[in-house]
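Heads up: the structure comes next, in structure tokens.
Here you go:
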């Protein structure tokens, strides 16, 4: 029987041994944490109640070492409010958010929408020694789906393991008429936005 299947084994070699080695490598770097436990000092992928030691290059089979993580937060009592975090170690754009917003094509686009789309604020901030750019917009282009869109970029031109790129989005909509219990005002949304983004801390090696 072994000789009968020899040709098939040569045509379709098994990779079970290699995959088991990758699995053991992965499991060997998993760590669980309890409240009060110290966080990893070196590169690690952090998640709820634990982390994975090393960066993506430490994972057997990861050729390029690219990592991207996206998290979405939504609360049942505030269904109109959605907060998203996206981070990676490779994005390096040619222009920044503020440069693109100051460009002629963007100015023409906003002019076309007129009062339906308003820039509430755009500018840069320093958050715990980290440079960030943000854009706060009222979007009324769809009369049935008016909303607020807040956006922040950090390390947009220098994404790497030591300076990971971070995008923060906060969307609220549709905007109501102030009669529903789950509605938030623009002032309340700004307070949430600044309390949230002021708490951001970029850690080298931990996206």
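Numbering (my numbering), first residue to last: 713 to 919. Ideal Cβ placement from N, Cα and C applies to all residues, glycine included. Every value quoted in this text rests on a predicted model; they were computed, and no experiment measured them.
Between which two residues does the beta strand (DSSP E) harbouring residue 844 extend?
-> Per DSSP, residue 844 belongs to the beta strand (DSSP E) from 842-851.
Along the chain, where does the beta strand (DSSP E) that runs through residue 862 open and close?
-> From DSSP, the beta strand (DSSP E) with residue 862 extends over 859-866.
Do residue 860 and residue 793 come within 7 Å of each other at the CB atom, strictly closer than that value?
-> Cβ atoms of residue 793 and residue 860: not closer than 7 Å.
Reduced DSSP secondary structure (H/G/I, E/B, other) of residue 833 | Three-state result, residue 833: strand.
Thinking C-alpha only, which one of 756, 759, 810 is nearest residue 836?
-> Out of 756, 759, 810, 810 has the C-alpha closest to the C-alpha of residue 836.
My guess is that residue 852 and residue 829 are in contact by the Cβ rule of under 8 Å, so how many angstroms apart are they, rounded?
-> Indeed they touch by this definition, with Cβ atoms about 7 Å apart.
Use the C-beta contact count for residue 891: other C-beta atoms within 10 angstroms, 16 or more gives buried, fewer gives exposed.
-> Classification for residue 891: exposed.
With DSSP as the reference, label residue 887 as helix, strand or coil.
-> Here residue 887 sits in coil by DSSP.
By DSSP, does residue 802 sit in helix, in strand, or in coil?
-> DSSP places residue 802 in coil when its eight states are reduced to three.
Whose CA, out of 781, 894, 857, 862, lies closest to the CA of residue 878?
-> It is 781 whose Cα lies nearest to the Cα of residue 878.
Could you check what DSSP says for residue 878 in three-state terms: helix, strand or coil?
-> Strand, per DSSP.
Could you check the C-alpha separation between residue 761 and residue 726 for me, to the nearest Å?
-> Rounded to whole angstroms, residue 761 to residue 726 spans 35 Å at the Cα level.
Excluding five sequence neighbours on each side, which residues of the same chain lie with their C-beta closer than 7 Å to the C-beta of residue 913?
-> Once the five neighbours on either side are set aside, the close Cβ partners of residue 913 are 840.
How long is the line joining the alpha carbons of residue 795 and residue 769, rounded to whole angstroms?
-> Taking the Cα positions, residue 795 is about 29 Å away from residue 769.
On the three-state DSSP scale, how would you describe residue 794?
-> Reduced to three states, the DSSP call for residue 794 is strand.
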